[in-house]
Amino acid sequence: MPVFLKLVFRNRLAGAGAIIIAALVLTCLLVPVLPLADPDQTDTAHRFIRPFSEGRLLGTDHLGRDLLSRLLWGTRLSLAVGAVAALLAATFGTLIGVTAGYFGGRVDAVLMRGVDMLMAFPYILLALAIVAALGPGLLNALIAVAAVNVPFFARNIRGISAGLAAREFIDAARLAGEGHLRIILTELLPNVLPTIIVAVSTTIGWMVLETAGLSFLGLGSQPPQADLGSMLGEARPALITAPHTLVVPGLAIFVIVMSINLLGDGLRDALDPRLRSGALARPSPVTLIERAEVPAARAAPGFLDLDALDTRFRVGRRLYKAVNGVSLSIARGECLGLIGESGSGKSVTALSIMGLVASPPGVITGGAVRLEGEDVLALPYAALRSLRGRRVAYVFQDPLSTLHPLYRVGDQLTEAMRVHDRITDQEARARAIELLDTVQIPNPAERLSAYPHELSGGMRQRVGIAMALANDPDLIIADEPTTALDVTVQAQILALLDQLRRDRGLSILFITHDFGVVGQLCDRVAVMYAGRIVEEGPTAAVLAAPAHPYTRRLIDCVPELGGGKRALTAIPGLPPAVDSLPEGCAFAARCDRARDVCRTGTLDLAQTGGRAVRCLFPETTATEDRA
Ligand code: SF4
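Residue 110 in numbering that gives the first Met the number 0 sits at position 111 of the sequence shown; the count goes up by one each step and never skips.
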């Protein structure tokens, strides 16, 4: 089965809708060749025959016409009218919406005011007015239904197009000299298309209903032509005496509309890559934990210990081993650097500590996280929540996306305190000013009323650090907090974190991909590759004599000011996909020391003289290092 259909059928209700609609469409296509009675043939001698009578499966109506035949012909007509009306509305709505959104300015104002005028009329009145002007008939009902739905499509598509028109890839196409029509057709429309398809699939049912409504009022299909609405209208006088004449078309409309809507929801899910991966599913407040067993606690526990932590992502049938048996320990007041390329599992390790990996698709499948000996992953949600922010706080990479754009920074700071402490407004304000002062923000009292967008990148990151400090935590997990900042601001933030660590005895887990930053701040460093720790040791020792070839390569990538001429060498190749890790050493494909034996079996993290390395042929040994 093609992948797209598999995605649709993963939602069982959507699958049921798809099957019903497919069966209906097939039946409607076959109606002309099926052995059915003439739908318009009257037989007044056999009026209102009950369903399941001989030769009359669904009975007859007030003129003795065969209801099964009329139902199938009527369904064929109603579905066709609904689909054509939806396509017409989508075509004109998209044309207006894309033009208004792409060109903006006056074009947008003129088109949207026209749309607003259409929307200002009560919806059904507008449809009635159009039919009244054009005259009753199915074609005119179709035009009316399509016309009143154009504004719905135009408004939707205009909003999306306006957002896309301001994006860099559209600017790039303009700068490349492409014309408006080409940009709209090749850049804009493909991005809008999934929305159009979803909107069409969900509105066909709506259009079937509206056309049936007009026919019910006698403004759509005209006798003797059958459609579902006119069948309902004709059956109205016999509601009490022959209810089956009403129930049959009524049920048909219900089944058609429900099936189309269910299928529309499934199509939306299948077309949206974020919904496909589970990224837009509402995550649970704590990562799903499925541990078969819990590793024994260490004989000499640190302040925070990770023992053989496994975190996986389940996406469809794929299993991504993002964190694969990671063991780490951080002492009180210590700063541990966790370094590796993007995708090596650093951030997932950090988020796993407080159960913050989004589930779905994340799941912790093994290991333990111990804070002063207490297994955090075994705590009930309320206890875990009280640890978050109070004992373990996070500083993330991009403060603009972590700070709420609509709240003043003062409100966000005081909210972080109030989550854990009952304090008065005055106390919260005084503490917020103190925190901003601690992170060296000038005029802290005034800055409390600033919105995040009114601050520079460095200032926002300081606010992020102040929020992390709000509840006087014991451990700060800083996930690449300086990556988005320029070098001078980066140096200030690093100096600030170092000072806070010394003043407050904070432990820090500092995640980065830059050995220069590690050298400035961290006591120890752990190097991560493809979800595993490959080397660990005191920062000075690792920098002076890296043991793992990957560590050596990472260090070689860092330029050294005044260090003389040295070629900066990039690491060839890419890290392996963590859903299909190779056997043996995961770095073998990129390693200049690799031998055949590296590609077999499993490699352990060998501990020697305060350092650890996962390599069969390390660059240096602990003995060489000490010598
Ligand atoms: S185990 Fe072999 S392939 Fe892996 S890093 Fe060491 S030398 Fe290179």
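Glycine included, C-beta positions come from ideal geometry on N, C-alpha and C.
Using CA coordinates, which residue listed in the options is at the minimum distance from residue i?
i    : options                   : result
T630 : A131, T26, L35 and T59    : The question about residue 630 has no answer, for the chain in this structure spans 0 to 626.
A269 : R592, L4, P545 and A605   : L4
I475 : D306, A465 and T482       : A465
G96  : V130, G54, V149 and L125  : V149
A89  : A467, A132 and V144       : V144
V32  : S326, G63 and L71         : L71
S200 : A427, M116 and A85        : A85
T481 : Q396, I440 and E559       : Q396
L141 : L192, I156 and L78        : L78
R297 : E371, I252, L287 and S343 : E371
M116 : R390, R154, S385 and G100 : R154
G361 : L383, L386, D374 and A321 : A321
E618 : D603, D591 and D595       : D591
A15  : L62, V325, I259 and L484  : I259
D39  : I18, P300, R64 and G54    : R64
G354 : S341, M458, A377 and G339 : A377
L213 : V197, L227, P379 and Q439 : L227
W205 : L245, P248, H179 and M257 : M257
L23  : P50, L76, H61 and E53     : L76
V7   : G263, V114 and A431       : G263
Y450 : Y380, T194, V408 and I195 : V408
A330 : A99, D522 and A126        : D522
G315 : V254, I18 and D578        : D578
L250 : L57, A299, L318 and S346  : L57
D478 : G336, I532 and T310       : G336
I need the DSSP call for residue i, collapsed to helix, strand or coil.
i    : result
R235 : helix
L4   : helix
V314 : strand
L189 : Per the sequence shown, the amino acid found at residue 189 is Pro instead of Leu. Of the three classes helix, strand and coil, the one that applies to P189 here is helix, per DSSP.
F509 : strand
D595 : helix
T90  : helix
A171 : helix
D555 : helix
R46  : coil
P300 : coil
G361 : strand
T482 : coil
P537 : strand
V438 : coil
A367 : strand
R523 : strand
T622 : For T622, the predicted structure reports a pLDDT of 46, less than 50, and the residue's modelled location is therefore unreliable. A value from the coordinates is still provided. Helix at T622.
E373 : strand
A543 : helix
G342 : coil
P617 : coil
L35  : coil
S579 : coil
L287 : strand
F586 : coil
Assuming residue i contacts residue j under a Cβ cut-off of 8 Å, what Cβ separation, rounded to an integer in Å, is found between them?
i    : j    : result
G572 : A588 : 6 Å
L412 : A490 : That belief does not hold up - the Cβ atoms of L412 and A490 are roughly 24 Å apart, past 8 Å.
G463 : P398 : 4 Å
V224 : P135 : Here the sequence assigns Gln to residue 224, which means Val is not the residue at that position. Their Cβ separation, rounded to whole angstroms, is 12 Å, which puts Q224 and P135 out of contact at 8 Å.
M111 : R157 : 7 Å
A546 : R610 : 7 Å
M527 : S328 : Going by Cβ atoms, the distance from M527 to S328 rounds to 15 Å, so no, they are not a contact pair.
V517 : G536 : That belief does not hold up - the Cβ atoms of V517 and G536 are roughly 12 Å apart, past 8 Å.
Per DSSP, residue i is paired with what?
i    : result
C334 : I507
D65  : T59
Y319 : F312
D306 : A367
Q606 : A611
Y528 : R531
E445 : Paired residues: none, contrary to the question.
A490 : For A490, which the question treats as bridged, DSSP gives no partner whatsoever.
V80  : Its beta-bridge partners do not exist; DSSP assigns none.
S52  : R55
L474 : V391 and S506
L327 : L305
Is the shortest distance between the beta-carbon of residue i and the beta-carbons of chain D less than 9 Å?
i    : result
R613 : Absent from the structure: chain D. Only one protein chain is present.
Around the ligand SF4, Cβ to any heavy atom closer than 7 Å, ordered along the chain
That query returns the following residues: H547, P548, Y549, C584, F586, A587, C590, R592, A593, R594, C597, L602, C614, L615, F616 and P617.
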